[in-house]
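Take a look at the structure below.
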Amino acid sequence: MSARQPIDQFAASLPGDRRSSVLGSCQAATSKRLTALADDFAHADDLRRLAARIKQHTLDHLDTYLEAATARLEEQGVKVHFASEAEEARSLIHQILAERGAKRIVKAKSMVTEEIHLNDYLIDRGLECLETDLGEFIIQIDGDIPSHIIRPITHKNRREIAQSFEREGLGAYNDDPEVITRRARVHLRDRYMKSQAGITGANFVCADSGRIVLVTNEGNSRFSMAPNPLHIAVVGIEKIIPRDRDLGVFLNLLARSATGQRLTVYTEFLRGPKAPGQPSGPEEMHVVFLDNGRSRILGSDCREILRCIRCGACQNVCPVYRQASGHAYRSTYGGPIGAVLTPLLAGDDFAAFADLPKASSLCGACREVCPVDIPIPDMLLKLRHQAHDAGIRSPGAPPMAPFAELATRPVIWRGAMTLSRAANLVPTQLLPVPALQSWLKLRTLPHWRGGEFRQWMATRKKP
Amino acid sequence: MDGHPEEAMNRNDLFQKLRASAPASPEPYPDYDDAMLLSRTGHPTDLEASFRQQFTSINGYAFDSPGPLISLLRATANTRGYCDPALFPILGQPLADAGLEVSTLYHRSRYDDYQFGITRASGAIAETGTLILTDEQTSDRLAALSPWVHVAVLDPATIAPSIPEAIKRFGSSVNIIWVTGPSRTADVEGILIEGVHGPGVQVAYLSPVLSWTAPASPSF
Chain A
228 MSARQPIDQF AASLPGDRRS SVLGSCQAAT SKRLTALADD FAHADDLRRL AARIKQHTLD
288 HLDTYLEAAT ARLEEQGVKV HFASEAEEAR SLIHQILAER GAKRIVKAKS MVTEEIHLND
348 YLIDRGLECL ETDLGEFIIQ IDGDIPSHII RPITHKNRRE IAQSFEREGL GAYNDDPEVI
408 TRRARVHLRD RYMKSQAGIT GANFVCADSG RIVLVTNEGN SRFSMAPNPL HIAVVGIEKI
468 IPRDRDLGVF LNLLARSATG QRLTVYTEFL RGPKAPGQPS GPEEMHVVFL DNGRSRILGS
528 DCREILRCIR CGACQNVCPV YRQASGHAYR STYGGPIGAV LTPLLAGDDF AAFADLPKAS
588 SLCGACREVC PVDIPIPDML LKLRHQAHDA GIRSPGAPPM APFAELATRP VIWRGAMTLS
648 RAANLVPTQL LPVPALQSWL KLRTLPHWRG GEFRQWMATR KKP
Chain B
10 MDGHPEEAMN RNDLFQKLRA SAPASPEPYP DYDDAMLLSR TGHPTDLEAS FRQQFTSING
70 YAFDSPGPLI SLLRATANTR GYCDPALFPI LGQPLADAGL EVSTLYHRSR YDDYQFGITR
130 ASGAIAETGT LILTDEQTSD RLAALSPWVH VAVLDPATIA PSIPEAIKRF GSSVNIIWVT
190 GPSRTADVEG ILIEGVHGPG VQVAYLSPVL SWTAPASPSF
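Respectively, the protein sequence lines represent chains A and B. If you want the working numbering, it's the 1-based position in the first sequence plus 227. If you want the working numbering, it's the 1-based position in the second sequence plus 9.
Written out as structure tokens, the structure reads:
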């Protein structure tokens, strides 16, 4: 058995150039976020706390708001569906497409469709399902998975991308990012124009107006809907907010937290199919509300995690994510948000992801940057307790029972402190304890001075 | 609802679960003032000047006469394009007079032939330099999206000062899009590239609505 948790094993095997690229992009994104918020708002933290309260209020009344949003959407001619789990959502979407004979599908970036592995499902059934966000497109042609919520190919460099483009027949090797982007533009717009349906996620759904809000920088969600007659939006039930007015809070926070922009380039507000007289745009719109474990999380003591607006700020700032990269989390959501959400969404497979909440120093940086003030460190602790209660042990973790014995008996503790000076005589490099040897590879053990503090306390001159 | 019995079951089941998980002391809806949502540039005194400033800071071009636009189109070799018929008299005609090829028909099959597209903006946001397009006033979504240069003709009287104010003016449109600069990506090594799927050049052409006259319909 390995002496390391899976996430640590992955991090240790990460090639140096990949680690540098993840670290560099995270540092840049963190700094952009800070500038964008601090320059524009004197009290940015008040805005974060307001967003947290609005989202928490919505979650605490989700039945009411989801019902209201559904009613508005249906009044506006949108067909609303509910899927309780991934398989249901996939087959429902396939059914909608099949009934309309749509075989060529374009997709805008959507974490929830990643979560339910929609692409593979549709492709296996003979449909063409093409990712259109540049990063997601590259992920798709490489058969890879995204490593960051906002920057899916943060783990790839331009040389790898140029090789992929060459392999796919998109032009001779050229690793200039501008050339790569132009080639994708030419290739994808032809596919948009030939598509028969567009699939998107949603960033927000306003309960009072039934407005679906979508943000992209590239314009791919707009292009995924303009030329074809059918639009399907796949939406996690936690995406609801009470009112249009609240968008003023969330749009200001989302773009700044995600990319350091004041607003994302394209922010689209949809209330249904295209307007009469508009030549381009869907004639039919479907919304698939997905549960997939969310209602279970809502009933747990980690319900606040559903406030998440998927900005990726916690990933950028996390010292563990920066060293381990997103793939170390082995799921759609990496970083601190993933360390909480993934084990929760896993349900019965909790044990498979129980290492993720342990991979944290609980430094609290994730909560400081979170636009909806999610107490992520508290949840990591709760999940650690859950793993402990379920008897899930971490590989390599030393048994703590002897220490507990020692630390709760003052007499033994004092004796041990004095006797332990003998440790200075032990050649630690030779001790056959893997965890200790791994620790010593990167650090030097200081000279042992056990008991000196107690002596000082007892003999010090009191003021 | 499509009326499938399974879906109805899912729906009922879900709402039941949601009601069962409601906490004993739910968070109330917070009382807040829109003023706290205004950024450093959210209190513009001169709406048009602020819009221009913010719009150019995100690499947009703001013009109010045909000359500079014609120069830009020529300099970037984008000389063939589409113009909303309703805007032809104020902008399409001057461009055509200057020797550019201007059509008032957007043929989808020839989407790649249009190097510029001129459509109408329904408003703008001074705080962020954002253009607002709606389905009702955009003659064709694709004409505002597929060409390399998009020119949005904007009546300065429709500029909203801030994001909260623009939200208040949503109205009943089924499709509103806020455009804050040219289409962009930083997916490849974090390097900013403009013009991914949408326009690489975004222009705001400011023109008071009163100068708009009846459409003509030339085509190429």
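For each residue, glycine too, the CB sits at the ideal point set by N, CA and C. Keep in mind that this is a model prediction, so the values were computed, not measured.
So what does DSSP say about A:Ala329, is it helix, strand or coil?
Numbered from its first residue, the first sequence carries residue 329 of chain A at position 102. Under the three-state reduction of DSSP output, A:Ala329 falls in the coil class, being neither helix nor strand.
So, helix, strand or coil for A:Trp725, using DSSP?
Since the displayed chain A opens at 228 and closes at 690, residue 725 of chain A lies outside it and no answer follows.
Answer yes or no: do A:Ala329 and A:Leu497 have a C-beta to C-beta separation smaller than 9 Å?
Along the first sequence, one-based indexing puts residue 329 of chain A at 102. Along the first sequence, one-based indexing puts residue 497 of chain A at 270. In this structure, A:Leu497 does not lie closer than 9 Å to A:Ala329 by Cβ.
Does the pairing of the stretch 528 to 541 of chain A with the stretch 159 to 173 of chain B give three or more beta-carbon distances under 8 Å?
With a cut-off of 8 Å, the stretch 159 to 173 of chain B and the stretch 528 to 541 of chain A do not count as touching, because too few Cβ pairs lie within range.
N- and C-terminal bounds of the beta strand (DSSP E) containing A:Ala634:
By 1-based counting over the first sequence, the position of residue 634 of chain A is 407. Run containing A:Ala634: none in the beta strand (DSSP E); it sits in the alpha helix (DSSP H), Ala628 to Ala634.
Alpha helix (DSSP H) containing A:Phe477: first to last residue?
Along the first sequence, one-based indexing puts residue 477 of chain A at 250. Looking at the DSSP string, the run of the alpha helix (DSSP H) that includes A:Phe477 is Leu474 to Thr486.
Find out if the Cβ-Cβ distance for the pair A:Leu480, A:Leu274 is shorter than 9 Å.
Counting from 1 along the first sequence, the entry for residue 480 of chain A is found at position 253. Counting from 1 along the first sequence, the entry for residue 274 of chain A is found at position 47. It is a contact, given that the beta carbons lie within the stated cut-off.
Quick check on the DSSP output: the alpha helix (DSSP H) that includes B:Tyr70 runs from which residue to which?
Residue mapping note: residue 70 of chain B aligns to position 61 of the second sequence, counting from 1. Element bounds for B:Tyr70: not the alpha helix (DSSP H) but the beta strand (DSSP E), Tyr70 to Phe72.
Tell me whether A:Cys593 sits in a helix, a strand or coil according to DSSP, three-state version.
Position 366 of the first sequence, counted from the first residue, corresponds to residue 593 of chain A. Three-state DSSP puts A:Cys593 in a helix.
Tell me A:Ala424's beta-bridge partners as DSSP assigns them.
Looking up residue 424 of chain A in the first sequence gives position 197. In the DSSP output, where bridge partners are listed per residue, A:Ala424 has A:Ile332.
Residues from the stretch 462 to 485 of chain A in contact with chain B, defined by Cβ distance under 8 Å:
Under the 8 Å Cβ criterion, the stretch 462 to 485 of chain A contributes Ile464, Pro469, Asp471, Arg472, Leu474, Gly475, Val476, Leu478 and Asn479.
Bounding residues of the beta strand (DSSP E) (the contiguous stretch that carries B:Ser245)
Residue coverage of chain B in this structure runs from 10 to 229, which leaves residue 245 of chain B outside it and unanswerable.
How would you list, in chain order, the residues of chain A whose beta-carbon sits under 7 Å from the beta-carbon of B:Leu96?
Within the second sequence, residue 96 of chain B is the residue found at index 87, counting from 1. Going along chain A, no residue has its Cβ under 7 Å from B:Leu96, so there is no contact; the nearest lies around 16 Å.
Local conformation of B:Gln136 per DSSP, three classes:
Walking along the second sequence from the start, residue 136 of chain B turns up at place 127. Per the sequence shown, residue 136 of chain B should be read as Glu rather than Gln. Assignment of B:Glu136 by DSSP, reduced to helix, strand and coil, places it in the coil class.
Anyone know if the C-beta pair for A:Ile172 and A:Phe392 falls short of 9 Å?
A query on residue 172 of chain A cannot be resolved here, the shown segment of chain A reaching from 228 to 690 and no further.
Within 9 Å (strictly less), CB to CB, does B:Ser131 reach chain A?
What you label residue 131 of chain B is simply residue 122 of the second sequence in a count that begins at 1. Answer no: the Cβ-Cβ gap between B:Ser131 and chain A never drops below 9 Å.
Just to confirm, is the Cβ distance from A:Arg594 to A:Pro604 under 9 Å?
Within the first sequence, the letter at position 367 stands for residue 594 of chain A. Within the first sequence, the letter at position 377 stands for residue 604 of chain A. Less than 9 Å divides the Cβ of A:Arg594 from the Cβ of A:Pro604.
Validate contact between the stretch 455 to 475 of chain A and the stretch 376 to 385 of chain A using beta carbons, cut 8 Å, 3 pairs:
Flag = no, the stretch 455 to 475 of chain A and the stretch 376 to 385 of chain A do not touch.
Spatial neighbours of B:Ala225 in its chain, beta-carbon cut-off 6 Å, leaving aside the 5 residues before and after
Locating residue 225 of chain B in the second sequence gives position 216, where the first residue counts as 1. At B:Ala225 the pLDDT is 47, less than 50, meaning the model places this residue with poor confidence and gives no usable figure here.
For the alpha helix (DSSP H) holding A:Met644, just list the boundary residues, first then last.
Locating residue 644 of chain A in the first sequence gives position 417, counting from the first residue. Element bounds for A:Met644: Pro637 to Leu646.
List, in order along the chain, the chain B residues whose C-beta lies closer than 7 Å to that of A:Leu415?
Residue mapping note: residue 415 of chain A aligns to position 188 of the first sequence, counting from 1. For A:Leu415, the neighbours in chain B by C-beta distance under 7 Å run, in chain order, His206.
When you compare only the Cα positions, how much space is there between A:Ala628 and A:Ala634?
The residue labelled residue 628 of chain A in the question sits at position 401 within the first sequence. The residue labelled residue 634 of chain A in the question sits at position 407 within the first sequence. Straight-line spacing of the CA atoms in A:Ala628 and A:Ala634 works out to 10 Å.
For the stretch 140 to 156 of chain B and the stretch 180 to 191 of chain B, state whether three or more C-beta atom pairs, one from each stretch, are separated by less than 8 Å.
Here the stretch 140 to 156 of chain B lies against the stretch 180 to 191 of chain B, with 3 or more beta-carbon pairs under 8 Å apart.
Count the other CB atoms, across all protein chains shown, that sit within 10 Å of the CB of A:Pro625; report buried if there are 16 or more and exposed otherwise.
In the first sequence, residue 625 of chain A corresponds to position 398, counting from 1. Classification for A:Pro625: exposed.
For A:Arg409, which option in B:Gly204, B:Asp93, B:Ser192 and B:Pro191 has the closest C-alpha, if you only look at C-alpha atoms?
In the first sequence, the residue the question calls residue 409 of chain A occupies position 182. Looking at the Cα atoms, B:Gly204 is the closest of the given residues.
Are there three or more Cβ pairs, one per stretch, closer than 8 Å when the stretch 205 to 214 of chain B is compared with the stretch 188 to 197 of chain B?
Enough Cβ pairs lie closer than 8 Å, so yes.
I'd like the ranges of any alpha helix (DSSP H) spanning at least 4 consecutive residues and lying wholly in the stretch 252 to 312 of chain A.
Correct list: 271 to 287 and 289 to 302.
Within the 9 Å Cβ cut-off, does B:Leu163 reach chain A?
Within the second sequence, residue 163 of chain B is the residue found at index 154, counting from 1. At least 9 Å separates the CB of B:Leu163 from every CB of chain A.
For chain B, check one thing: does any of its Cβ atoms lie closer than 9 Å to the Cβ of A:Gln283?
For the purposes of this step, residue 283 of chain A is identified with residue 56 of the first sequence, where counting begins at 1. Chain B contact via Cβ: present.
Selection from B:Ala71, B:Asp40 and B:Arg20 that minimises the alpha carbon distance to A:Ala182:
In the structure displayed, chain A extends from 228 to 690; residue 182 of chain A sits before or after that span and is not available.
Shorter than 9 Å from the beta carbon of B:Ala213 to some beta carbon of chain A?
By one-based count along the second sequence, residue 213 of chain B stands at place 204. So, not an interface residue.
Comparing the CB of B:Thr128 with every heavy atom of the ligand ADP, is any distance shorter than 8 Å?
Looking at this structure, you won't find the ligand ADP or any other ligand, since it has none at all.
Bounding residues of the beta strand (DSSP E) (the contiguous stretch that carries B:Gln211)
Here residue 211 of chain B is taken as the residue at index 202 of the second sequence, counted from 1. Element bounds for B:Gln211: Val210 to Leu215.
Does the stretch 284 to 297 of chain A touch the stretch 314 to 322 of chain A, meaning 3 or more C-beta pairs lie closer than 8 Å?
Contact annotation: the stretch 314 to 322 of chain A does not touch the stretch 284 to 297 of chain A, with fewer than three C-beta pairs closer than 8 Å.
Proximity to A:Ala578 [Cα-Cα], best of A:Leu610, A:Ala256 and A:Val547
As a first step, residue 578 of chain A must be located in the first sequence, where it is residue number 351. Closest by alpha carbon: A:Leu610.
Would you report the Cα separation of B:Ser48 and B:Asp40, rounded to the nearest angstrom?
Sequence index remark: in the second sequence, residue 48 of chain B carries index 39 (1-based). Sequence index remark: in the second sequence, residue 40 of chain B carries index 31 (1-based). Rounded to whole angstroms, the gap between the alpha carbons of B:Ser48 and B:Asp40 is 19 Å.
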